[in-house]
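Note that the protein sequences, when read in sequence, are chains A and B.
Read in the working numbering, the first sequence has 309 at position 309, and its numbers run on one by one without any break.
Read in the working numbering, the second sequence has 814 at position 475, and its numbers run on one by one without any break.
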Amino acid sequence: MASKLATVLTKRKNNMFAITHKKIFLTIATAVMAVSILLVATLGLNLGIDFTGGSLTEVAYETAPEKVEVEEALAALELGGISVRESIDDVDREAYLIRTRDLTEPERESVQGVVVALGEGGEVTRFTSIGPVIGQELRDKAGWAIFGVVSIIVIYVAFAFSGIGKPVSSWAYGGITILVLIHDVIVPTALMSVLGYLFGVEVDVLFVMALLAVLGYSVNDTIVVFDRVRENLVNNRTEHKKEIQEAGIVKEEVTYTLNKPYDEIVGSAVQETLARSINTSITTLVTLAALFFLGGSVTQTFALILFAGVLAGTYSSICIASPLVVTYANYKARKEVET
Amino acid sequence: MSDSEQVTAEQTQSIVRWFRGLLLVGVLTWLAMTVYQNATDPDSANPFKLGLDLAGGSHLVYVADTSGVEPTEVDELMNVLRDVIERRVNIFGVSEPIVQVESSSAVSETATERLVVELPGVTDVGEAVAEIGRTPLLEFKLYSEELAEQQAAIASLSSLSESEDSSSSTISIDNVTINGESVSDEEYPFEDTGLTGRYLETAMLEFAGQQSGRVAGEPLVSVRFTPEGSKLFAQITRDNVGEQLGIFLDGDLLSAPVINEPIVGGTAIISGSFTPETARELAQNLSFGALPLPIELQSTQTVGASLGEEVLQSGVKAGVFGLSLVLLFMVAWYRLPGLVAGVALLSYITIMLALFQLIPVTLTAAGLAGFVLSLGMAVDANVLVFERMKEEYRSGLSSREAAFSGFKRAWSAIRDGNITSLLSAIILFWFGTSMVKGFALVFGIGIIVSMFSALVITRTLLLMLPDVKERQGTLMAKLIGCGIKTGDSSNKAKK
Numbered sequence: 001m002a003s004k005l006a007t008v009l010t011k012r013k014n015n016m017f018a019i020t021h022k023k024i025f026l027t028i029a030t031a032v033m034a035v036s037i038l039l040v041a042t043l044g045l046n047l048g049i050d051f052t053g054g055s056l057t058e059v060a061y062e063t064a065p066e067k068v069e070v071e072e073a074l075a076a077l078e079l080g081g082i083s084v085r086e087s088i089d090d091v092d093r094e095a096y097l098i099r100t101r102d103l104t105e106p107e108r109e110s111v112q113g114v115v116v117a118l119g120e121g122g123e124v125t126r127f128t129s130i131g132p133v134i135g136q137e138l139r140d141k142a143g144w145a146i147f148g149v150v151s152i153i154v155i156y157v158a159f160a161f162s163g164i165g166k167p168v169s170s171w172a173y174g175g176i177t178i179l180v181l182i183h184d185v186i187v188p189t190a191l192m193s194v195l196g197y198l199f200g201v202e203v204d205v206l207f208v209m210a211l212l213a214v215l216g217y218s219v220n221d222t223i224v225v226f227d228r229v230r231e232n233l234v235n236n237r238t239e240h241k242k243e244i245q246e247a248g249i250v251k252e253e254v255t256y257t258l259n260k261p262y263d264e265i266v267g268s269a270v271q272e273t274l275a276r277s278i279n280t281s282i283t284t285l286v287t288l289a290a291l292f293f294l295g296g297s298v299t300q301t302f303a304l305i306l307f308a309g310v311l312a313g314t315y316s317s318i319c320i321a322s323p324l325v326v327t328y329a330n331y332k333a334r335k336e337v338e339t
Numbered sequence: 340m341s342d343s344e345q346v347t348a349e350q351t352q353s354i355v356r357w358f359r360g361l362l363l364v365g366v367l368t369w370l371a372m373t374v375y376q377n378a379t380d381p382d383s384a385n386p387f388k389l390g391l392d393l394a395g396g397s398h399l400v401y402v403a404d405t406s407g408v409e410p411t412e413v414d415e416l417m418n419v420l421r422d423v424i425e426r427r428v429n430i431f432g433v434s435e436p437i438v439q440v441e442s443s444s445a446v447s448e449t450a451t452e453r454l455v456v457e458l459p460g461v462t463d464v465g466e467a468v469a470e471i472g473r474t475p476l477l478e479f480k481l482y483s484e485e486l487a488e489q490q491a492a493i494a495s496l497s498s499l500s501e502s503e504d505s506s507s508s509t510i511s512i513d514n515v516t517i518n519g520e521s522v523s524d525e526e527y528p529f530e531d532t533g534l535t536g537r538y539l540e541t542a543m544l545e546f547a548g549q550q551s552g553r554v555a556g557e558p559l560v561s562v563r564f565t566p567e568g569s570k571l572f573a574q575i576t577r578d579n580v581g582e583q584l585g586i587f588l589d590g591d592l593l594s595a596p597v598i599n600e601p602i603v604g605g606t607a608i609i610s611g612s613f614t615p616e617t618a619r620e621l622a623q624n625l626s627f628g629a630l631p632l633p634i635e636l637q638s639t640q641t642v643g644a645s646l647g648e649e650v651l652q653s654g655v656k657a658g659v660f661g662l663s664l665v666l667l668f669m670v671a672w673y674r675l676p677g678l679v680a681g682v683a684l685l686s687y688i689t690i691m692l693a694l695f696q697l698i699p700v701t702l703t704a705a706g707l708a709g710f711v712l713s714l715g716m717a718v719d720a721n722v723l724v725f726e727r728m729k730e731e732y733r734s735g736l737s738s739r740e741a742a743f744s745g746f747k748r749a750w751s752a753i754r755d756g757n758i759t760s761l762l763s764a765i766i767l768f769w770f771g772t773s774m775v776k777g778f779a780l781v782f783g784i785g786i787i788v789s790m791f792s793a794l795v796i797t798r799t800l801l802l803m804l805p806d807v808k809e810r811q812g813t814l815m816a817k818l819i820g821c822g823i824k825t826g827d828s829s830n831k832a833k834k
């Protein structure tokens, strides 16, 4: 299917579809981002105990009791707010996920004693209890980690493309990379909101890792396209050397003019990297699909979130990053004319 | 240069290329076999290290209360704490427990010191928590000739060669064994005196003065007993002048000083070949009832062993399927170069697994998922090169020239992409908690290895292939030319 898509896209006479249709692509991107932000804002994120502190007990049964029974039995222990969620453990037994505030050792024992006795063959298969301090710290760390990664990426991109010069400065490429990253992170986050709303899926450390992996993937994807832009710019420019005399010192000033319009150069860069963008996303998506269907319950959400992130990342590197660069260049050119 | 010379030069070159390729394949095959052997052999020195979520077990996090101590001493006290807990965990009989100190990094306002205890295979947290939280046992025991002889006799019966050693092994006076081998106290020829850590008030590090008859400046540990303990201690020392008094912590012999004279003042000096550090550690162990800092359980995590096994198996299954799909795709799309990329991908897996065993990297469910994901991303450098190669090949270059040029021109993209990823991995490793650190490590190693596999392995193997041109139209030329053709009529041929 993807190869068909590539065929359709490349068959066009116009070899720079991403640029000529930039309005459509950017509108789609803006709409997707708006919807995503709206979803996250309204539905919120279901923070798991990794971040809030609390405890999570997975209890599996041969014959499971009714959910109400579990809830009633736990309510009798007076532990405050309790949520019980139906689940299936990794060996396909019926199970419940019980979330409470973080438990002390005697409390843990009483909870486990109560729930195990409720159904036939009851067994606690997983228990996690996290103090509120650790939760808070993890939240801070996750925030800092994402912030750190994003900043280092901008700086590196700006540095690596510093020779690119006209008509757009290397910082613009760095800045656009960030915009693209925000898009790629907000889409899987919105998916997480929806999953949390519909199925009670909770945000855990794995989700943060998935987002960070998306960051890595997406930046790589965008850099490949920008790298081609850089190369094409160098190949399609004419060098003008001019000697100028300044305070008695003879300086050689080198200026460049482009032999082709900037948008054409960017457009062909997207075109030339299209096959690699699509192929790498196919191989990545394929492994993620394997992980989703076969990889066990622990990493299922991880795979799904990454799947969304990689799709977003592929779209953004083709249909957002380069159109934005061109839009920015046009905007700058217009401004220069005005002044 | 004559024609014939040129032919031989070319032949030599091609032989060299083949030799390099075969050597590489040979080394990788050997590595794969080693990895396999390490993974299957139960006694192997470098097996895969599975995290608790895969092997089953308990993960406990204690927070240490450092409010009462000088900030400068915190690090040292935490290390003492770790040693103490490690000793207790060892008594618990867990295979390969991990006890480590984790300081909250610079990002949080308050510095908290934590102790992370991992107990593989222990799924009964209650038992583990009780064992770790238990009051430590400090005992004073007297050396007994009788017991020593009995033990020597038993030892000589069981093994002749060993008997010589143990019969002469009066515990050396000046020897301090801290955190010694986990020998149970039955093997020490010492008798209980009833004097335990309950009667201890404080212990301090001191240095010998001039007149004490010792080497001036020698580090010593001075012990002060409670009034009740003083009485008991006075009695013991009165009755046993010249005997050795063994000091035991959790069943391990810490030191065995000789009683020189009756001690009635309620203080005792423990001398031995201490360094200031070991003396200080002993003093701390003794005076804090062996726990230098109060600790509190902050988080627990338990995963059943059968569940862990299930998670591991499904992770591996996902990996195998993911790998097969990627291989299929690469071969279908890039044909012969795709096959080469497949070999490079297999090499990537082999090298990664070997590193997992050697470093060793603890594999968790998340790490495994990250690794499976990396299988899809690791071919990226290959894809970049092949796409460039394809362009060059189409433009009329021979396949080998195209390969050279492909590598050269794809390099800047590979470099920039991988450096940003590597920087991200470093930052993650820096900020992350232990779980994120593991992920970052796998991620970081993965980037370096995937670059190696693309730039060295793929390159070497690709150059082994015969040099052809597209317009030759031979089978080999078709096999090397890859994928759909962009933007021209040849699309019709493929549907």
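Beta carbons are placed, not taken as given, at the ideal position from N, Cα and C, and that holds for glycine.
Give me the DSSP bridge partner(s) of residue i.
i	result
residue 639 of chain B	A:129 and B:399
residue 543 of chain B	B:561
residue 602 of chain B	None, per the DSSP bridge assignment.
residue 459 of chain B	B:396
residue 701 of chain B	B:388
residue 784 of chain B	Paired residues: none, contrary to the question.
residue 63 of chain A	A:120
residue 454 of chain B	B:401 and B:440
DSSP three-state call for residue i: helix, strand or coil?
i	result
residue 49 of chain A	helix
residue 673 of chain B	helix
residue 531 of chain B	strand
residue 135 of chain A	helix
residue 591 of chain B	strand
residue 480 of chain B	strand
residue 299 of chain A	coil
residue 202 of chain A	coil
residue 54 of chain A	strand
residue 556 of chain B	coil
residue 737 of chain B	coil
residue 423 of chain B	helix
residue 839 of chain B	The structure shown has nothing for residue 839 of chain B, since chain B only spans 340 to 834.
Please report how far the alpha carbon of residue i lies from the alpha carbon of residue j, in whole angstroms.
i	j	result
residue 283 of chain A	residue 379 of chain B	30 Å
residue 127 of chain A	residue 617 of chain B	39 Å
residue 586 of chain B	residue 539 of chain B	12 Å
residue 446 of chain B	residue 212 of chain A	With a pLDDT of only 45 at residue 446 of chain B, under 50, the local geometry of the prediction cannot be trusted, and the value read off the model is given with reservation. If you take the alpha carbons of residue 446 of chain B and residue 212 of chain A, they lie about 18 Å apart.
residue 490 of chain B	residue 556 of chain B	38 Å
residue 76 of chain A	residue 124 of chain A	19 Å
residue 501 of chain B	residue 493 of chain B	Note that residue 501 of chain B scores a pLDDT of 44, beneath 50, so its modelled location is shaky; the value from the coordinates is reported in the next line. The straight-line gap from Cα to Cα measures roughly 11 Å.
residue 62 of chain A	residue 785 of chain B	41 Å
residue 725 of chain B	residue 704 of chain B	33 Å
residue 228 of chain A	residue 763 of chain B	22 Å
residue 650 of chain B	residue 210 of chain A	18 Å
residue 562 of chain B	residue 466 of chain B	33 Å
Cβ-heavy atom distance between residue i and the ligand NAP below 7 Å?
i	result
residue 603 of chain B	What this structure holds is no ligand at all, so the ligand NAP is not there to describe.
Which chain D residues sit within Cβ distance under 7 Å of residue i?
i	result
residue 129 of chain A	Annotation note: the requested chain D is absent from the structure, which comprises protein chains A and B.
What are the start and end residues of each continuous beta strand (DSSP E) run of 3 or more residues lying completely inside the stretch 220-290 of chain A, in chain order?
Here the runs fully enclosed are 237-246 and 249-258.
Secondary structure, beta strand (DSSP E): runs of 3+ residues fully inside the stretch 73-123 of chain A:
Those beta strand (DSSP E) runs which fall completely within the stretch 73-123 of chain A and span 3+ residues are 83-88 and 94-100.
Spell out a yes or no on whether the stretch 85-104 of chain A and the stretch 144-156 of chain A are touching, meaning 3 or more CB-CB pairs, one atom from each, closer than 8 Å.
Too few Cβ pairs lie closer than 8 Å, so no.
Count the CB pairs spanning the stretch 711-731 of chain B and the stretch 784-800 of chain B that are closer than 8 Å, and state whether there are at least three.
The stretch 711-731 of chain B is in contact with the stretch 784-800 of chain B.
Does the stretch 682-702 of chain B come within contact of the stretch 379-391 of chain B, defined as at least 3 CB pairs closer than 8 Å?
A contact between stretches requires three or more CB pairs, one per stretch, nearer than 8 Å, and the stretch 682-702 of chain B meets this requirement with the stretch 379-391 of chain B.
Uninterrupted alpha helix (DSSP H) stretches inside the stretch 704-734 of chain B (no shorter than 4 residues)
Correct list: 704-717 and 719-733.
Contact between the stretch 266-284 of chain A and the stretch 316-335 of chain A is defined here as three or more beta-carbon pairs at a separation below 8 Å; is this criterion met?
Counting Cβ pairs under 8 Å, three or more are found: they touch.
Please determine if the stretch 741-754 of chain B and the stretch 138-151 of chain A are in contact, where contact requires at least 3 C-beta pairs separated by less than 8 Å.
Under the 8 Å Cβ criterion, the stretch 741-754 of chain B does not count as touching the stretch 138-151 of chain A, having fewer than three qualifying pairs.
How do the stretch 709-716 of chain B and the stretch 182-201 of chain A stand: do at least 3 beta-carbon pairs fall below 8 Å, yes or no?
The stretch 709-716 of chain B vs the stretch 182-201 of chain A: no contact.
Touch check for the stretch 127-145 of chain A and the stretch 733-740 of chain B: three-plus C-beta pairs under 8 Å?
The stretch 127-145 of chain A and the stretch 733-740 of chain B do not touch, with fewer than 3 CB-CB distances between them shorter than 8 Å.
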